[in-house]
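Quick note on our numbering: the sequence shown kicks off at 855 and runs consecutively. Don't be surprised by glycine CBs; every beta carbon is placed ideally from N, CA and C. In what follows, a single structure is set out as structure tokens and then discussed.
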Amino acid sequence: MELYQELLARALAEDIAEHIMPFLVADSKEIVQMRCYQALNQIKEIIHDDTQSDEECFLKIEKIIAVLEETGSNGGNRHDFG
């Protein structure tokens, strides 16, 4: 449920007039599904990028975590490398 709340909070916080107003008649489930679909598309593009070698796989994981963070979620303690 935490991820659901993070995704909904981020969606509501961004561009309310442009993106949220048209969905006022829609429920939160549709908004979160739209955000999840967009994130999955980004992750698919990252995974299908065959231009990187296996040694650069770590960078793919970093990109996937960045997509997760863009949704308003986070990578958890295991991603706090700084």
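- With DSSP as the reference, label residue 927 as helix, strand or coil. Annotated three-state conformation of residue 927 is coil, per DSSP.
- Message: With three or more C-beta pairs closer than 8 Å as the rule, is the stretch 916 to 928 touching the stretch 890 to 903?
- Response: Three or more Cβ pairs drawn from the stretch 890 to 903 and the stretch 916 to 928 lie within less than 8 Å of each other, which places the two stretches in contact.
- Message: Which of the three DSSP states is assigned to residue 859 in this structure?
- Response: The answer is helix: DSSP assigns residue 859 an H, G or I state.
- Item | Reduced DSSP category for residue 868 - H, G, I as helix; E, B as strand; rest coil | Of the three classes helix, strand and coil, the one that applies to residue 868 here is coil, per DSSP.
- Based on Cα-Cα distance, which residue from 923, 910, 866 lies nearest to residue 882? Among 923, 910, 866, the Cα nearest to that of residue 882 belongs to 866.
- 6 Å CB neighbourhood of residue 911 in its chain, flanking five on each side removed: Excluding sequence neighbours, residue 911 sits near nothing in its chain.
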